[in-house]
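Undergrad: Input: one structure, supplied below.
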Amino acid sequence: MTMWKQTVFCGMLVLSLLSLILPAADLTNAQAGSSAIEGPLIYTTDRAVYTQGEVVRITVTNTSNAPVAIVDRTDIDGGFATIERQAENGQWRVIELYAAANVTVFRALEPGERCQYLWQTVGYNRADTIAQPGTYRIRFGQLVYTNPFEIKPK
């Protein structure tokens, strides 16, 4: 296995393990500004409503008493997160993201520390891609979601 495949595999394994240690019973339907999961890591967006073309800012807070491994990157891509859009029937559907060709690197998020990820809603797949109006959420690992948020037309 090549070095980059080993690194990506290890990164996916760490995210999978993190999602396993977060109790599924703690999942909630949170609003912006409150947690989408009450576990070691809380993922929240800075607002509940955006206009097409605006950047969605996700704050990750470590609420545990120990460091937690997170992806050391600023922009969200298909390499470590999944964007989902709610369909008319209420089902969540994954939207296609580009996957970064670079190696996924991890860092420790210390207890009480916060970091921020950005979803560029323009060009997230191709240069001319723009997020369509609707309700979205961002998934990290298998069970960790941000609060749902809405994208309105320009």
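Under my numbering, the sequence shown has 1128 at position 118, and the numbering climbs by one with no breaks.
For every residue, glycine included, the Cβ atom is placed at its ideal position computed from N, Cα and C.
None of the values given here were measured: they were computed from a predicted structure.
1) Between the C-alpha atoms of Val1132 and Gly1063, what's the straight-line distance to the nearest angstrom?
2) Since Thr1092 is in the beta strand (DSSP E), which residue starts that stretch and which ends it?
3) Could you have a look at Glu1160 and say whether DSSP puts it in helix, strand or coil?
4) Using C-beta distances below 7 Å, list every residue in its chain close to Glu1123, excluding the 5 sequence neighbours before and after it, in chain order.
5) Between which two residues does the beta strand (DSSP E) carrying Val1175 extend?
6) Using three-state DSSP, classify Arg1147 as helix, strand or coil.
7) Given Leu1171, which residues of its chain have a CB within under 8 Å of its CB, disregarding the five upstream and five downstream residues?
8) Rounded to the nearest angstrom, what separates Asn1075 and Arg1147 at their Cα positions?
9) Taking the alpha-carbon positions, what's the Pro1158 to Gln1096 distance?
10) For Gly1100, count neighbouring C-beta atoms within 10 Å of its own C-beta (all shown protein chains included) and say buried if the count is 16 or more, exposed if not.
11) Which value, in whole angstroms, describes the spacing of the CA atoms of Leu1037 and Ala1137?
12) For Ala1061, is the classification buried or exposed, using 16 other Cβ atoms within 10 angstroms of its Cβ as the cut-off for buried?
13) Name the DSSP bridge partner or partners of Arg1067?
14) Return the chain-ordered list of same chain residues with a C-beta closer than 7 Å to the C-beta of Gln1130, the five sequence neighbours on each side being excluded.
TA: Taking the coordinates as given:
1) 6 Å
2) 1091-1096
3) strand
4) Asn1072
5) Nothing about residue 1175 can be read from this structure; the chain reaches only from 1011 to 1164.
6) strand
7) Residue numbering for the chain in the displayed model covers 1011 to 1164; residue 1171 lies beyond these limits and cannot be assessed.
8) 27 Å
9) 9 Å
10) exposed
11) Below a pLDDT of 50, predicted positions are generally treated as unreliable, and Leu1037, at 29, falls in that range; no measurement from the model is reported.
12) This sequence places Thr at residue 1061; Ala is not what is there. By the neighbour-count rule (16 or more Cβ atoms within 10 Å), Thr1061 is not buried but exposed.
13) Leu1128
14) Val1065, Asp1085
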